[in-house]
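Visitor:
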Amino acid sequence: MRILRAGDVLILLAGTALVGASYAAFWSPRVEGDKAIISVGHDTVAHASLLEDRKIPIDGLLGRSLLQIEDGRIRFTESPCPGRYCIHTGWISRTGQVAACLPNGVVVEVEGGAREFDAINL
Amino acid sequence: MTGHGLVAGPFRLRWAICAVLLIVAACARDPVETRYRFTAMGTLVEVTIFDHPPLEAEAAARDVETLFLDLQHRWDPWDDGPLGRLNQALAAGGSVQVDPGLAGIIDRSNDIARASGGAFDPAVGSLVKLWGFDDAANIPDRPPSSMTIRTALEAMQPLPGIWDPSTATVATAPGVAIDLGGFAKGEAVDRAISLLQEHGVANAIVNAGGDLRAIGRRGNRPWRIGVREPRLEGVLAAIEVSGDQSVFTSGDYERFFELEGRRYHHILDPRTGYPSQGLISVTVLADNAATADAACTALMVSGPERWPGVASGLGLDKVMVVEDTGVIQITPAMHGKVRLLREDRPDLQIREIP
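Protein chains in written order, with my numbering: chain A, 6 to 127; chain B, -4 to 349.
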């Protein structure tokens, strides 16, 4: 008896295609995230949807940082830190991207999509 | 059912088994990834550990945090730790014998300073302070006067000229302060990886403000590292690493201020006293993080023409630099590792290491 008949091969091919298609549909690269996790120190203080344009004040260690969400992106627009590196960082939108105001202890990370990179050289 | 299982079984059973296998395959998820983040050495440090029991992974990452905070204190050039005290003693005059813990890192940074031909020099501390780039929380808004820069340069002596490794002594050099800033982060990353390995961690990234060393893999694929665009938003290139490799990038966009249309950044040329010119970004792939860290500084300082010679002295073969004109120069070995992601075709030059 033949181990595989033509019908079995067809079933296996169709199955493989189905796995590929479901993987692409469910797990693969939508690199733009749809939410931001905002933390101060080790505490998560807010989950913010990137689908709704708005401004979010966050009280940190030095004072108030202001975050802006627009067109699926988020950035620091105001911060009490002297260096303003957080504002220099600009918009972030890709899953895994981080913007931080270290003096104020405020960290923003984009989540919700596929992580394109495990780390980004800055 | 005969003894032929799936092949000879009823058609419906075969479909059912196939369907179950497909669902399992489609839904299979990776083993757990643990991410732990903290602030140290003026930057955000992230430890990523893959396929390791989460509680043990978090404990290991917390130990890395303790390590970084300890090293931050020890290697701060202006605090009251061992390096701060060394600089105070140098400023007071007389030679200084260095304790063994600090002597090791000074010795290694001295070797790299020598190999770089002076493009990297930890004895640049007074100059860094004069410019105001010593304070991670603040950014200066104007350059020092040319006269004060000239005075600082005249007082400076390269580390290889004042460091005696046989006695672990720094010779009398009152105008010199040692700043391990271009090396300490890499050395800390190396020590963090060793610590994780002592915890039995085989797959991890220690990422200190974007500069990292990665060990192992992320499951069935290598670790994926992005290199940021020096001027535009987004990612310039993707690099896949596995086994044990460090990827460091330095650029003129990290800490800078602009005055009258000119950018002044934090990577200072120890020979001119001013920020380096010609290159806006340097990416180095190396076996260890400390070398990669110092190499980024040395190559930025060396500039668009001379960097391959300095890379050769440092034993590097995987380097990519971006000129201020936008031209990307890349070594053949690095070219094989990097996938450039710019939509428009970049102006690319292959540079051989002599």
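C-beta atoms are modelled at their ideal positions from N, C-alpha and C, and glycine is treated no differently.
Are any of the Cβ atoms in chain A nearer than 9 Å to that of E249(B)?
Guide: Within the second sequence, residue 249(B) is the residue found at index 254, counting from 1. So yes, E249(B) belongs to the interface.
Visitor: Measure the C-alpha to C-alpha separation of G4(B) and R10(A) and round it to an integer number of angstroms.
Guide: Position 9 of the second sequence, counted from the first residue, corresponds to residue 4(B). Position 5 of the first sequence, counted from the first residue, corresponds to residue 10(A). Its pLDDT being 47, under 50, G4(B) is placed unreliably in this model, and the coordinates cannot settle the point.
Visitor: Provide the residue span of the beta strand (DSSP E) that contains T267(B), from first to last.
Guide: Counted from its first residue, the second sequence places residue 267(B) at position 272. Looking at the DSSP string, T267(B) is not in any beta strand (DSSP E), and its letter there is neither H nor E.
Visitor: For Q324(B), which three-state DSSP category applies?
Guide: Stepping through the second sequence from its first residue, residue 324(B) is reached at position 329. Of the three classes helix, strand and coil, the one that applies to Q324(B) here is strand, per DSSP.
Visitor: Short of 6 Å in beta carbon distance, which residues of its chain neighbour D369(B), apart from the five on each side in sequence? Order them along the chain.
Guide: Given a span of -4 to 349 for chain B in the structure shown, any question on residue 369(B) remains unanswerable.
Visitor: Under the three-state reduction of DSSP, which class applies to S98(A): helix, strand or coil?
Guide: Numbered from its first residue, the first sequence carries residue 98(A) at position 93. It is coil, neither helix nor strand.
Visitor: With a threshold of 9 Å between beta-carbons, can V45(A) be considered close to chain B, or not?
Guide: By 1-based counting over the first sequence, the position of residue 45(A) is 40. No, V45(A) does not count as interfacial toward chain B.
Visitor: Which residue comes first and which comes last in the beta strand (DSSP E) that contains R57(B)?
Guide: Translated into positions along the second sequence, residue 57(B) becomes position 62. First-last for R57(B): 49 to 70, but that is the alpha helix (DSSP H), not the beta strand (DSSP E).
Visitor: Using the beta-carbon of each residue, which ones in chain A are nearer than 9 Å to E224(B)?
Guide: Locating residue 224(B) in the second sequence gives position 229, counting from the first residue. Under the 9 Å cutoff, chain A gives no residues; its nearest Cβ is about 11 Å from E224(B).
Visitor: Of all the options A328(B), K332(B), T164(B), I323(B), which has the alpha carbon lying nearest to the alpha carbon of D342(B)?
Guide: To locate residue 342(B), count along the second sequence from 1; it is residue 347. That would be I323(B), whose Cα lies nearest to the Cα of D342(B).
Visitor: Does D76(A) get closer than 9 Å to chain B when you measure Cβ to Cβ?
Guide: Indexing the first sequence from 1 puts residue 76(A) at position 71. So no, D76(A) is outside the interface.
Visitor: Taking only beta-carbon positions, decide if P85(A) is within less than 9 Å of chain B.
Guide: As a working note, residue 85(A) is residue 80 in the first sequence. Not one chain B Cβ lies under 9 Å of P85(A).
Visitor: Cα separation between R99(A) and E347(B)?
Guide: Indexing the first sequence from 1 puts residue 99(A) at position 94. Indexing the second sequence from 1 puts residue 347(B) at position 352. R99(A) and E347(B): Cα-Cα distance of roughly 35 Å.
Visitor: If we ignore side chains and look at the alpha-carbon of each, how far apart do L227(B) and V14(A) end up?
Guide: Residue mapping note: residue 227(B) aligns to position 232 of the second sequence, counting from 1. Residue mapping note: residue 14(A) aligns to position 9 of the first sequence, counting from 1. Their backbone Cα atoms lie some 50 Å apart in a straight line.
Visitor: Would you tell me roughly how many angstroms separate the C-alpha atoms of V333(B) and M142(B), rounded to the nearest one?
Guide: Reading the second sequence from its first residue, position 338 is the one you call residue 333(B). Reading the second sequence from its first residue, position 147 is the one you call residue 142(B). Taking the straight line joining both Cα atoms gives about 44 Å.
Visitor: Flag F81(A) as yes if its beta-carbon sits less than 9 Å from any beta-carbon of chain B, otherwise no.
Guide: The residue you call residue 81(A) lines up with position 76 of the first sequence. No, its Cβ sits nowhere closer than 9 Å to a Cβ of chain B.
Visitor: Which same chain residues, not among the five before or five after A35(B), have their C-beta less than 6 Å away from its C-beta?
Guide: Position 40 of the second sequence, counted from the start, is the residue given in the question as residue 35(B). So the list reads F63, L64, Q67, once near-sequence residues are dropped.
Visitor: Out of T320(B), L97(B), P327(B), G308(B), state which residue places its alpha-carbon closest to the alpha-carbon of V314(B).
Guide: To locate residue 314(B), count along the second sequence from 1; it is residue 319. Answer by Cα proximity: P327(B).
Visitor: Along the chain, where does the beta strand (DSSP E) that runs through I275(B) open and close?
Guide: Within the second sequence, the letter at position 280 stands for residue 275(B). I275(B) -> beta strand (DSSP E) spans 274 to 281.
Visitor: Which residue marks the beginning of the beta strand (DSSP E) containing I44(B), and which one marks its end?
Guide: Looking up residue 44(B) in the second sequence gives position 49. Note, I44(B): beta strand (DSSP E), 38 to 45.
Visitor: Keeping to the same chain, check which residues put their C-beta closer than 8 Å to that of R80(A); ignore five residues upstream and five downstream.
Guide: As a working mapping, residue 80(A) is identified with position 75 in the first sequence. The answer, listed in chain order, is L72, Q73, I92, T94, G95, W96, I97, A104.
Visitor: Inspect the beta-carbon positions of A51(A) and E114(A) and report whether they are closer than 9 Å.
Guide: In the first sequence, residue 51(A) corresponds to position 46, counting from 1. In the first sequence, residue 114(A) corresponds to position 109, counting from 1. No; because the gap between Cβ atoms is not below 9 Å, this pair is not in contact.
Visitor: For L66(A), go through chain B and note every residue whose CB falls closer than 8 Å to its CB, in chain order.
Guide: On the first sequence, position 61 is the one that residue 66(A) refers to. Here the premise fails: no neighbours, minimum Cβ distance about 10 Å.
Visitor: Shorter than 9 Å from the beta carbon of N202(B) to some beta carbon of chain D?
Guide: You won't find chain D in this structure, because its protein chains are A and B.
Visitor: If we cut at 9 Å on Cβ distances, does I134(B) have a partner in chain A?
Guide: Here residue 134(B) refers to the residue found at position 139 when the second sequence is read from its first residue. Closer than 9 Å to some Cβ of chain A, the Cβ of I134(B) qualifies, so yes.
Visitor: For H330(B), I'd like the list of residues in its chain whose CB is within less than 7 Å of its CB, leaving aside the five on either flank, ordered along the chain.
Guide: Taking the second sequence and counting its residues from 1, the one referred to as residue 330(B) is at position 335. Closer than 7 Å at Cβ, skipping near neighbours: I345.
Visitor: Helix, strand or coil: which one does DSSP assign to A197(B)?
Guide: Within the second sequence, residue 197(B) is the residue found at index 202, counting from 1. It is coil, neither helix nor strand.
Visitor: Quick check on this structure: which residue in T38(B), L294(B), E28(B) has the alpha carbon closest to the alpha carbon of G310(B)?
Guide: Working through the second sequence from its first residue, we reach residue 310(B) at position 315. The shortest C-alpha separation from G310(B) is found at L294(B).
Visitor: Return no unless some Cβ of chain B is closer than 9 Å to the Cβ of E121(A).
Guide: Indexing the first sequence from 1 puts residue 121(A) at position 116. Yes, because at least one Cβ of chain B sits closer than 9 Å to the Cβ of E121(A).
Visitor: If you follow the beta strand (DSSP E) that V119(B) is in, where does it begin and where does it stop?
Guide: Residue 119(B) sits at position 124 when you count from the first residue of the second sequence. Segment: none, V119(B) is in no beta strand (DSSP E) and carries neither H nor E.
Visitor: So which residues on chain A does I220(B) lean against when the C-beta distance must stay under 8 Å?
Guide: Counted from its first residue, the second sequence places residue 220(B) at position 225. Per Cβ cutoff of 8 Å: F122, D123, A124, I125, N126.
Visitor: What residues from the segment 187 to 214 of chain B come within 9 Å of chain A, judged by C-beta to C-beta, listed N to C?
Guide: Listed in sequence order: I200, N202, G204, G205, D206, L207, A209, R213.
Visitor: Check whether the segment 94 to 106 of chain B and the segment 299 to 306 of chain B touch, using three or more Cβ-Cβ pairs below 8 Å as the test.
Guide: The segment 94 to 106 of chain B is not in contact with the segment 299 to 306 of chain B.
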